[in-house]
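The structure appears right after this line, and notes come after that.
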Amino acid sequence: HLAPVSVAETLLSSALVIHRGGSGIASEALLAGVPQLILSAQIEQLLNGEALERAGVGKLIEAHDCSITVSAADIAALSENPVVTRRAMNLAEELRQDLADRDPARRCVSGCLALLNR
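First residue of the sequence shown? That's 8 in the working numbering, and the numbers climb one at a time after it.
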């Protein structure tokens with residue numbers, strides 16, 4: 008590539024994202040509606056992976072354990088799982104709607120009026 012690649016645009020054509028569990032890529036994948044396979048190596052990644060797994064949009068593997076292996080079949084099973092895919096897409100829609108409802112100007116005015124007791 009001659010320039011940085013847009014993660015958000017790349018995720019739009021992805022069936023699965025495999026990553027370490029950082030909040031940046033996890034958030035981008037959530038908004039794109041892409042299932043996630045998290046290979047955690049430290050506590051932040053583990054906590055993010057646990058939350059994504061609880062939400063039904065991914066699978067956590069604690070990669071710090073050297074005895075753990077991930078096969079092509081494991082990856083295919085997750086990327087082709089219709090339940091996980093549907094949950095990821097539905098959650099993405101909910102999150103995008105929630106973000107759209109957060110009009111910063113309206114929130115600022117509302118907060119200022121509250122401070123003025125109006």
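In this text, a Cβ means the ideal position worked out from N, Cα and C, and glycines have one as well.
Remember, predicted model here, so these are calculated numbers, not experimental data.
- Per the coordinates, the alpha-carbon of Glu51 lies some 11 angstroms from the alpha-carbon of Ala58.
- For Gln104, no beta strand (DSSP E) segment is defined; the enclosing uninterrupted segment is the alpha helix (DSSP H) at Pro89 to Ala107.
- DSSP places Gln49 in the coil class of the three-state scheme, outside both helix and strand.
- For Ile82, the enclosing alpha helix (DSSP H) covers residues Ala79 to Ser86.
- Taking C-alpha positions only, Gly63 is separated from Arg109 by approximately 25 angstroms.
- Between Leu53 and Glu35, the C-beta spacing is not below 9 angstroms.
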